[in-house]
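Beneath this line is the structure, given in C-alpha cells, with notes to follow.
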Amino acid sequence: MIEVQQLTKSFGKHEVLKGITTTVERGEVVALIGPSGSGKSTFLRCLNLLETPTSGTITVAGKTITDPKADIVRIRQGIGMVFQHFNLFPHLTVMDNITFAPRKVKGLSNEETRQKALELLRKVGLEDKADVYPARLSGGQKQRVAIARSLAMEPEIMLFDEPTSALDPEMVKEVLAVIRDLAGSGMTMMIVTHEMKFAREAAGTIYFLDQGRLIEKAKPSDFFERPQSERAIQFLEQVL
Ligand code: ADP
Ligand code: MG
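Position one of the sequence shown corresponds to residue 1 (full-length UniProt numbering), numbered consecutively onward.
Dropping the structure here:
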C-alpha cells in the first residue's frame, strides 16, 4: 500500500529524515514511536505531501506521489490524517463538519453524505451529537468527530499524529478504542503515539525512529521484549 525508498527531508541545512526505506502492506497497522524530534511527524507529513520530500520516492496504492506530475489533491483525498489538535470547523455543527468535504470535494448530495455521517457517528459512539457545535464537546468527543470526518472521505490509509496527546487522561481511552476498532477493520494505518500499551496491543508493526532514521522495525512482542538497538533500549527505559 505504501512504499518508501530512500526518503530524505531537510529544513535548510538540517536533515530531519535521513534515508527512510520501508513498505507497508494493505491492512497493516504501524505504530511509529521514538524520541521527540526524531522526525515522526515529518515522516507522516511526507506521506501525504504536507511536506515535500527532499529526495527519495513514495508510492501509495501504486501511484508515485513524489512524481512532480502527481495529482496531489487527488492523492490527499485517499489519505486521512488526524492530528493532536482536532481542527474542527467551530462554526459548523458536527454533522456539517463531517459532510463538508464529501459535499464540496466529491460533489455528493446532502442526503448521501448525511446518511454516511450518521453511520460514522454511530461508529465513533456520537450519534446523539450530530447537531451540536464543537464548543459543546469534550476533547475526546472532538477527536472522535475528527476521526469520523476523515473517514467520511473514504480514505484507503489513515495517518494519526499523536491523536491522544492533547487529551485529558480520562478521554484517552475512548479515542484509542475508536482507533483500535478501525485497526481491526482492515484499514491501513500509521499512528504516532506515546501510548506504549496501545502500540503494543493495536499495532502489527512497530517502527522506532531515532534522529531521522528508521532504526528498528519489528513485531510489538519482539520490539518490547527484545529491542535490538541501544537507542531503543534507552527509550523504552524512559517510557515504560
Ligand atoms: P517528532 O514528531 O518526532 O517530534 P518532527 O518531525 O516534528 O519530530 O521534527 C523533527 C525535526 O525537524 C525537529 O528538529 C524539528 O525542529 C524539525 N522541524 C520540523 N518541522 C520543521 C519546519 N517546518 N521547519 C524547520 N524545522 C522543522
Ligand atoms: Mg511530532
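Glycine residues also receive a C-beta, built at the ideal position from the N, C-alpha and C atoms.
The structure displayed is predicted, hence computed values, not measured ones.
Does DSSP classify K197 as helix, strand or coil?
Three-state DSSP puts K197 in a helix.
Tell me, to the nearest whole angstrom, how far the beta carbon of I58 is from that of L17; I am working on the premise that it is less than 8 angstroms.
At roughly 11 angstroms, the Cβ-Cβ gap does not stay under 8 angstroms, so I58 and L17 are not in contact.
For K104, count neighbouring C-beta atoms within 10 Å of its own C-beta (all shown protein chains included) and say buried if the count is 16 or more, exposed if not.
Result: exposed.
Since L209 contacts G39 with CB under 8 angstroms, what's their CB separation in whole angstroms?
The pair is a contact, with the Cβ atoms about 6 angstroms apart (cut-off 8 angstroms).
What residues sit near the ligand ADP, counting only those whose C-beta is closer than 5 angstroms to one of its heavy atoms, in chain order?
Cβ-based neighbours of the ligand ADP within the cut-off: F11, V16, S36, G37, S38, G39, K40, S41 and T42.
Would you say E174 touches the ligand MG, meaning its beta carbon is less than 8 angstroms from a heavy atom?
Checking every heavy atom of the ligand MG against the Cβ of E174, none is found closer than 8 angstroms.
Return the chain-ordered list of same chain residues with a C-beta closer than 8 angstroms to the C-beta of V30, the five sequence neighbours on each side being excluded.
V24, M189, M190, I191, A203, G204, T205, I206 and Y207.
Check whether the Cβ atoms of S138 and M171 sit closer than 9 angstroms, and answer yes or no.
Going by C-beta atoms, S138 is nearer than 9 angstroms to M171.
Using three-state DSSP, classify G27 as helix, strand or coil.
In the three-state scheme derived from DSSP, where H, G and I count as helix and E and B as strand, G27 is classed as coil.
What three-state label does DSSP hand I215 in the structure shown?
DSSP, read as helix, strand or coil, puts I215 in strand.
Measure from the C-beta of P134 to each C-beta in chain C and report whether the shortest distance is under 9 angstroms.
Absent from the structure: chain C. Only one protein chain is present.
Residue of Q84, D131 and I179 minimising C-alpha distance to I98
Considering only alpha carbons, the answer is D131.
Three-state class that DSSP yields for D161 in the structure shown:
Of the three classes helix, strand and coil, the one that applies to D161 here is strand, per DSSP.
Between the Cα of T22 and those of G37, H194, T93 and R213, spot the shortest distance and give me the residue it belongs to.
The residue with the shortest Cα to Cα distance from T22 is R213.
Residue ranges of each beta strand (DSSP E) within the stretch 111-199, 3 or longer
Runs found: 157-161 and 188-192.
Can you give the Cα-Cα distance for L92 and P134, rounded to whole angstroms?
Separation of L92 and P134 (C-alpha to C-alpha, rounded to the nearest whole angstrom) is 8 angstroms.
Ends of the alpha helix (DSSP H) at M95?
That run of the alpha helix (DSSP H) goes V94 to K106.
Would A101 pass as a contact of A152 if the rule is Cβ separation under 9 angstroms?
Yes, the Cβ-Cβ distance between A101 and A152 is below 9 angstroms.
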